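Peer 1:
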Amino acid sequence: MLLDDSLTQGGTFAALASHIEAGGGRVVGAVALTEKQYTAKFSPSPETLQALREKHGDIESDFLAATGHDFDALIESETRYISNF
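Under this note's numbering, think of the first position of the sequence shown as 465, with each following residue one higher.
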C-alpha cells in the first residue's frame with residue numbers, strides 16, 4: 465500500500481509503484497491525504513494520450529529510450545501537462 469501526504473501529478477506514486485514492482489512486490493492500493501481533482505485518474509485517457517501523440521509523437525521513441533516506457537506509462541495529469549507544453 466502506497467501512502468503519500470499529497471497527490472499533485474502522481475509522479476511519486478508512479479515511481480514508488482514501479483520500484484516496488486521491479487523488486488517483485490505488488491502494489492495493492494494508494495492513498496493520499498490531499499489531492500487535486502485532475503489527479504484522480506492514474507491512466508491517461510485515450511483522448512489525452514492521442515493529443516500528446518499528435519503534438520509530441522516524434523519524441524516518443526526518445527522518451528522510451530530514456531525511461532524504458534512509452535507515453536502509455538504516464539499518468540493522466542502528466543500526459544495533459546506534457547501535451548499542453
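C-beta: ideal position from N, C-alpha, C; glycine also.
Here the structure is a predicted model, which is why all the values come from computation and not from measurement.
So, at 7 Å on beta carbons, what are the nonlocal neighbours of Val491 in its own chain, with the 5 sequence-adjacent residues on each side left out?
Peer 2: Walking along the sequence shown from the start, residue 491 turns up at place 27. Closer than 7 Å at the Cβ level, and outside the excluded window around Val491, lie Leu466, Ala481, Ile484, Glu485.
Peer 1: Exposed or buried, what is Phe549 when buried is set at 16 or more other beta-carbons lying within 10 Å of its beta-carbon?
Peer 2: In the sequence shown, counting from the first residue as 1, residue 549 sits at position 85. Its Cβ having fewer than 16 others within 10 Å, Phe549 is exposed.
Peer 1: In this structure, how does DSSP classify Thr497 when only helix, strand and coil are distinguished?
Peer 2: If you number the sequence shown from 1, residue 497 lands on position 33. One detail in the question is off: residue 497 reads as Leu in this sequence, not Thr. Of the three classes helix, strand and coil, the one that applies to Leu497 here is coil, per DSSP.
Peer 1: For Leu466, which beta-bridge partners are listed by DSSP?
Peer 2: The sequence position of residue 466 within the sequence shown is 2, counting from 1. In DSSP, Leu466 forms a bridge with Ala494.
Peer 1: For Glu542, which residues of its own chain have a beta-carbon under 6 Å away from its beta-carbon, when the five flanking residues on both sides are left out?
Peer 2: Within the sequence shown, numbered from 1, the residue matching residue 542 stands at position 78. The answer, listed in chain order, is Gln473.
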